Amino acid sequence: MTDEAYKVVSTADEAEHDIYAHEVKTNTNFTIYRRNKGFSSTDTIGWYNVSQYADYKAHKIWWEDGKADDRCKMDTNGCPYIILGYDVRECQHGPDRNIKKKIQYKAEKEEKSKTDHSYVLKGRTLIQNTKKMICPARITQRRIIKFPGYRPQYLQG
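Heads up: the sequence shown runs through residues 16 to 172, numbered per my numbering.
Below is the structure:
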């Protein structure tokens, strides 16, 4: 993977290969933070299987990228497209998203130890209670289908 902050690839396999190469090169690991069901389908995107596109009537047709961030804005040249799904991955050392659960678990454990006849096993002393260091590294992917045959007439000339 290049050192670019933004990259366009044509297949899902190429994207996965680039992510894996970046993980190996930088000795990091990215975990899936958020993914919708349209992204997780393993079907290859092609125009040969028409039944595959039967449920895409519900998708919004985009004419230009609605992203506010100019670094990741997709250049469509007026070509309509639909967004099938998205995938957000965060560094394994990213923000701790389970702080509330950890506090609740610790409170329950202390409450059990205060009861009569508590048979709580001896706990271990944690020198470092979490590996999270609020790393800002994040990978956002969008799976799209472009429709170049439906480009407006004033842009085709």
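Heads up, the beta-carbon is just placed ideally off N, CA and C, and yes, glycines get one too. Small disclaimer: the values here were computed from a predicted structure and weren't measured.
In this structure, F54 sits away from D131, with a CB-CB distance that is not shorter than 8 Å.
Listed in chain order, the non-local C-beta contacts of I160 below 7 Å within the same chain comprise I60, Y96, I97, L99, local neighbours out to five positions each way being set aside. Two segments are said to touch when three or more pairs of C-beta atoms, one from each, lie closer than 8 Å; by this definition the stretch 137-152 does not touch the stretch 19-28.
When DSSP reads this structure, D102 sits in a beta bridge with R50, Q156. Taking I76 as reference, the option from C94, M89, D90 with the minimal CA-CA separation is C94.
It is roughly 18 Å from the alpha-carbon of T41 to the alpha-carbon of T155. When secondary structure is reduced to three states using DSSP, I149 falls in the coil class, being assigned neither helix nor strand.
The beta carbons of T43 and C106 sit about 6 Å from each other, so the pair counts as a contact at 8 Å.
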